[in-house]
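Here's the structure we're looking at; comments come further down.
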Amino acid sequence: MKIIRTRDRATQLEHLAQAQQSAPSVNYSDDEWRERLTPQQYLVLRQAGTEAPWTGELLDEHRSCTYLCAACGAQLFPSSTKFESHCGWPSFYEALPGAVNYFEDISHGMRRIEVRCASCDSHLGHIFDDAPDQPTGNRFCMNSVCLQFVPDPVA
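This note's numbering applies: residue 576 is where the sequence shown begins, and numbers increase by one.
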């Protein structure tokens, strides 16, 4: 998805809100999520927390893979879209088609665009339009704890 670049951030968020959002297909109770996830995963994936910058296990991962949602296993990002943004979290310029949904986030005194897994509605991170050197101009700033690394099969 290409973020609509406008001078008015509210207009940009409105365009994203109008994008088709898919309904989650994986639904667990809060207690079931707590059983399935580690405390850190639960905090970030289900309560929209954030892991500390520069601490994520996947920040410096460069092997060929498909990144999956750590909560439900849905495919999210091909490694070919990962890039070094030097922001402290794994960054991607594009998600797989239909893999994520976007929501306005006005927490912490900011207006941002939250990215959630389309399959289970888990928080993954945020998307920013501050990567002009990337094909889409977007930076999906994702928490490592939200992602599962699955190496591509060796040919």
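Note that beta-carbon positions come from the ideal geometry of N, C-alpha and C, so glycine has one too.
Three-state secondary structure assigned by DSSP to residue i
i, result
"residue 721", "helix"
"residue 634", "coil"
"residue 610", "helix"
"residue 617", "helix"
"residue 622", "helix"
"residue 700", "strand"
Cβ shell of residue i (< 8 Å), same chain only, five flanking positions each side left out
i, result
"residue 583", "The predicted position of residue 583 is uncertain, since its pLDDT is 48 and thus under 50; a value taken from the coordinates is nonetheless stated next. Hits under 8 Å: none found."
"residue 722", "633, 642, 643, 644, 645, 651, 652, 665 and 699"
"residue 726", "638, 639 and 640"
"residue 710", "668 and 669"
With 16 other Cβ atoms within 10 Å as the buried cut-off, status of residue i
i, result
"residue 619", "buried"
"residue 706", "buried"
"residue 683", "exposed"
"residue 673", "exposed"
"residue 686", "exposed"
"residue 681", "exposed"
Residues near residue i by beta carbon distance below 6 Å, same chain, minus five either side
i, result
"residue 695", "599, 601, 646 and 647"
"residue 720", "615, 616, 619 and 626"
"residue 657", "667"
Limits of the unbroken beta strand (DSSP E) element including residue i
i, result
"residue 659", "Careful: residue 659 lies outside any beta strand (DSSP E) and carries neither H nor E."
"residue 677", "675-680"
"residue 642", "640-644"
Own chain, CB closer than 7 Å to residue i, minus 5 neighbours either side, in chain order
i, result
"residue 636", "724"
"residue 625", "619 and 718"
"residue 691", "675, 676, 678, 697, 698 and 699"
"residue 660", "666, 706 and 714"
- Query: Does the stretch 658-672 come close enough to the stretch 603-611 to have 3 or more Cβ pairs within less than 8 Å?
  - Reply: Proximity of the stretch 658-672 to the stretch 603-611 falls short of the contact definition, fewer than three beta-carbon pairs being nearer than 8 Å.
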